[in-house]
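Q: There's a structure below that I have some questions on.
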Amino acid sequence: MTDFSQLEQQIQARLPDLPSDLQQRIAQIPLGKVATYGRIAQSLGDRLASRWIGDWLLRSPLATTIAAHRVVRAGGELGLFHTGSSVDKQRLLTAEGVAVVNDRVDLSEYEFSDFAGSAPLTDLREWQNQLAAQNRLNSLARRPELVAGLDISYHGDEGVVAYVLFDYGSRELVWSHLARRPVFFPYITSYLSYRELPLHLAVLAEAAQAHRLADVLLVDGSGVLHPRRCGIASMLSALTGLPTIGVTKKHLSGSFSANDLSTERFCDLRVASEDGSTKWGAAILPTKKTKRPIFVSPGGSVDFDDAEAICAHFMVGKRLPTPIAAADHLSRQAASGETNRGGRAREQ
Numbered sequence: 001m002t003d004f005s006q007l008e009q010q011i012q013a014r015l016p017d018l019p020s021d022l023q024q025r026i027a028q029i030p031l032g033k034v035a036t037y038g039r040i041a042q043s044l045g046d047r048l049a050s051r052w053i054g055d056w057l058l059r060s061p062l063a064t065t066i067a068a069h070r071v072v073r074a075g076g077e078l079g080l081f082h083t084g085s086s087v088d089k090q091r092l093l094t095a096e097g098v099a100v101v102n103d104r105v106d107l108s109e110y111e112f113s114d115f116a117g118s119a120p121l122t123d124l125r126e127w128q129n130q131l132a133a134q135n136r137l138n139s140l141a142r143r144p145e146l147v148a149g150l151d152i153s154y155h156g157d158e159g160v161v162a163y164v165l166f167d168y169g170s171r172e173l174v175w176s177h178l179a180r181r182p183v184f185f186p187y188i189t190s191y192l193s194y195r196e197l198p199l200h201l202a203v204l205a206e207a208a209q210a211h212r213l214a215d216v217l218l219v220d221g222s223g224v225l226h227p228r229r230c231g232i233a234s235m236l237s238a239l240t241g242l243p244t245i246g247v248t249k250k251h252l253s254g255s256f257s258a259n260d261l262s263t264e265r266f267c268d269l270r271v272a273s274e275d276g277s278t279k280w281g282a283a284i285l286p287t288k289k290t291k292r293p294i295f296v297s298p299g300g301s302v303d304f305d306d307a308e309a310i311c312a313h314f315m316v317g318k319r320l321p322t323p324i325a326a327a328d329h330l331s332r333q334a335a336s337g338e339t340n341r342g343g344r345a346r347e348q
């Protein structure tokens, strides 16, 4: 059997300390120069990290101890500052010899972009590519007996993961469990796996110990419907061998026609390929009361037909399939302190 606890430790060991890397980058910006969020993010390996950088510099207490005022927006606009006033940012830059005109810095004169250091997000992206190449989408040998939903909510720097197990035939709740862990990796679009996989592995270790492992896992997040065909459901399957399905409200990849959306059947999400287009996932309207679809894709060890059939089986008038909806509700309750702080949810 997979050693989920060991996997959790291995992943934690591979995670970079992005806040530390960010502080090292900002320390490299010379007096009298500025750098943009995007350039710093690019030096870390992906411009998609720009939003996280902006948020960290705005909210982290550590931002007050570094030259955060030297980081500006792509067009040279000053942007927000942790003191709450861009006037403070302008005052500090002006004191360092940087001219600020109409809340803007002339990047052609003052921009610094020659950063040194490794690009940790490049390494994480390559790991996803490697796992995607190993992943297999195979049809299930038999109908699952037990299906579990996995979802995570947050309270400060702590993540609370809920694992909710259902009988497939009756759709009845069988067992539920919570696990809590500190979260060290930030949210960056398309890198959700590195933030949440340790939590998933933690709760799976406890489910396995209780002999409550599901035949199929529904994961809040993407499967192969992901820029690198390796969302969190796919990474979880590739690392553990468990059949997984990704279910998300966020549209990351693939195109579809809104006219094809319905509550009765899935419509394909396709991505251009050498052969024309390739199916990466499917979308469906969960109820007749909404025009917002959910997006479903196999993670691994299931195929598209399995993924869609299992999700459809649990679509009973809610925004999400029942196992995911139940896990979402339980994790939110726990994160807000409404359940037992010991981490144990109700068992049946």
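Numbering (UniProt numbering), first residue to last: 1 to 348.
For every residue, glycine included, the Cβ atom is placed at its ideal position computed from N, Cα and C.
1. Tell me Val-160's beta-bridge partners as DSSP assigns them.
2. Looking at the structure shown, is Lys-249 part of a helix, part of a strand, or coil, going by DSSP?
3. On the criterion of 16 or more Cβ atoms from any shown chain inside 10 Å, does Lys-33 qualify as buried, or is it exposed?
4. Is the CB-CB distance between Gly-45 and Ala-116 below 8 Å?
5. Answer yes or no: do Gly-241 and Ser-222 have a C-beta to C-beta separation smaller than 8 Å?
6. Closest by CA to Val-101, which one among Val-87, Gln-6, Gln-134 and Gly-300?
7. Would you call the stretch 130-150 and the stretch 250-269 in contact, with 3 or more CB pairs under 8 Å?
8. When DSSP labels each residue in this structure, what does Cys-311 get in the three-state scheme?
9. Check the DSSP bridge columns for Arg-104 and list the partner residues they point to.
10. Three or more C-beta pairs under 8 Å: does that hold for the stretch 7-17 against the stretch 87-98?
11. Considering only the beta carbon of each residue, do Ala-63 and Thr-36 sit closer than 8 Å?
12. Between Ala-179 and Ala-202, what straight-line distance do the alpha-carbon atoms span, to the nearest angstrom?
13. What span of residues does the beta strand (DSSP E) with Phe-256 cover, start to end?
14. Would you call the stretch 50-58 and the stretch 101-114 in contact, with 3 or more CB pairs under 8 Å?
15. Alpha carbons only, please: which of Glu-158, Val-71 and Ser-193 is nearest the one belonging to Arg-14?
16. Any chance you could list the alpha helix (DSSP H) runs of at least 4 consecutive residues sitting entirely within the stretch 181-211, in chain order?
17. With burial defined as no fewer than 16 other Cβ atoms inside 10 Å of the residue's Cβ, what is the status of Pro-298: buried or exposed?
18. Starting from Pro-298, follow its DSSP beta bridges and name the residues at the other end.
A: So, from the listed chains and residues:
1. Under DSSP, the beta-bridge partners assigned to Val-160 are Ser-153 and Arg-180.
2. Of the three classes helix, strand and coil, the one that applies to Lys-249 here is coil, per DSSP.
3. Using a 10 angstroms sphere on the CB of Lys-33, the tally of other CB atoms reaches 16 or more, which defines it as buried.
4. For Gly-45 and Ala-116, no; Cβs fall outside 8 Å.
5. In this structure, Ser-222 does not lie closer than 8 Å to Gly-241 by Cβ.
6. When only C-alpha atoms are compared, the closest one is Val-87.
7. In this structure the stretch 130-150 does not touch the stretch 250-269; the number of beta carbon pairs closer than 8 Å is below three.
8. The answer is helix: DSSP assigns Cys-311 an H, G or I state.
9. Partner(s): Glu-77 and Val-101.
10. In short, these stretches do not touch, since the Cβ pair count stays below three.
11. No, Cβ-Cβ distance for Ala-63 and Thr-36 is not below 8 Å.
12. The alpha-carbon atoms of Ala-179 and Ala-202 are separated by roughly 7 Å.
13. From DSSP, Phe-256 is part of no beta strand (DSSP E); its letter is neither H nor E.
14. The stretch 50-58, when compared against the stretch 101-114, does not touch it at the 8 Å Cβ threshold.
15. Between Arg-14 and the set Glu-158, Val-71 and Ser-193, the nearest pair of CA atoms involves Ser-193.
16. Every alpha helix (DSSP H) of 4 residues or more that sits fully in the stretch 181-211 is shown, in chain order, as 192-209.
17. With 16 or more Cβ atoms within 10 Å of its Cβ, Pro-298 is classed as buried.
18. According to DSSP, Pro-298 bridges with Ile-245.
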